[in-house]
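Using this note's numbering, the letters of the sequence shown correspond one by one to residues 33 to 241. Read the structure below first, then the notes.
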Amino acid sequence: MSNNPVPKNTTFGSTMSFDLEQSPQPKRRKRKTELVAEEPPAFTPSEHGIDCPGCGSNMDENEWLQALVGFVSGARDFEVGNPVRARIVQTLHNTATNMDTPHPRDVWELSIVARLMKEIERIVNAEVLRHQSENNTQQYSLAELQHYVQAAEVETAVRVQTELYGQIAEQVQQDLEPVLRRQIEAELWQEFEQELARRAEQVSDSSDE
């Protein structure tokens, strides 16, 4: 092991100590999709909207739905490394991470994403199969196929907004109620025990006098 002392960090600069006897560890190159996106602007609640099922903040209904649908519809491009979609998904991920929501938060987040993803895959696959059966002899270019998939995603987003919103809100409420109930009960019990201890101390002081 090296006997070089570690210098004190007295400035805002960074310091580093080296061990000549230790073999260097391999460094993994970060993918472009792993780069952290810029921080999103602070959200200002509107006068007319809905209560977020996660943190209870007032927000616009269309903005909430577009965030969920945009996250799921961009997941495929995010996995293959598309830089535009990856930046959108990463920004949404950072926003969700910074939200003041109950813990564990991943229970209801993953439930929403799973339901949306399943519905989107079902609709898109059905449309692709129908289109292929109607145009069996016609060949399409890659650009045409991508355009068709994007059109199917837009149609799916509209269906999700009109058909799944009520189901998602109900399921989120069912998932969050037990978590919030346990937190509230724990806080109430803590306050009760503190008040009981305070009164017991007052009674003890009075008896001593």
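Ideal placement from N, C-alpha and C gives every residue a C-beta, glycine not left out. This structure is a prediction, so every number in the text was calculated from the model and none was measured.
The beta carbon of residue 184 sits closer than 6 Å to the beta carbons of 156, 159 from its chain, once the five residues preceding and following it are set aside; these are given in chain order. At a Cβ-Cβ threshold of 8 Å, residue 207 and residue 143 count as neighbours.
A direct Cα-Cα distance of roughly 24 Å separates residue 230 from residue 214.
By the Cβ neighbour-count rule, residue 218 is exposed, with fewer than 16 other Cβ atoms within 10 Å of its own. Residue 200 places its beta carbon less than 8 Å from that of residue 147.
The C-alpha of residue 198 lies about 28 Å from the C-alpha of residue 162.
Taking the Cβ atoms as the reference, residue 153 lies roughly 12 Å from residue 192, outside the contact range of under 8 Å. Residue burial is scored here from C-beta neighbours: residue 175 has fewer than 16 other C-beta atoms within 10 angstroms and is therefore classed as exposed. Taking the Cα of residue 149 as reference, the smallest distance to any Cα among 179, 189, 182 is reached at 189. One Cα belongs to residue 212, the other to residue 205, and the distance between them is close to 10 Å.
Rounded to the nearest angstrom, the gap between the Cα atoms of residue 180 and residue 223 is 59 Å.
Between the alpha carbons of residue 239 and residue 227 lies a gap of roughly 19 Å.
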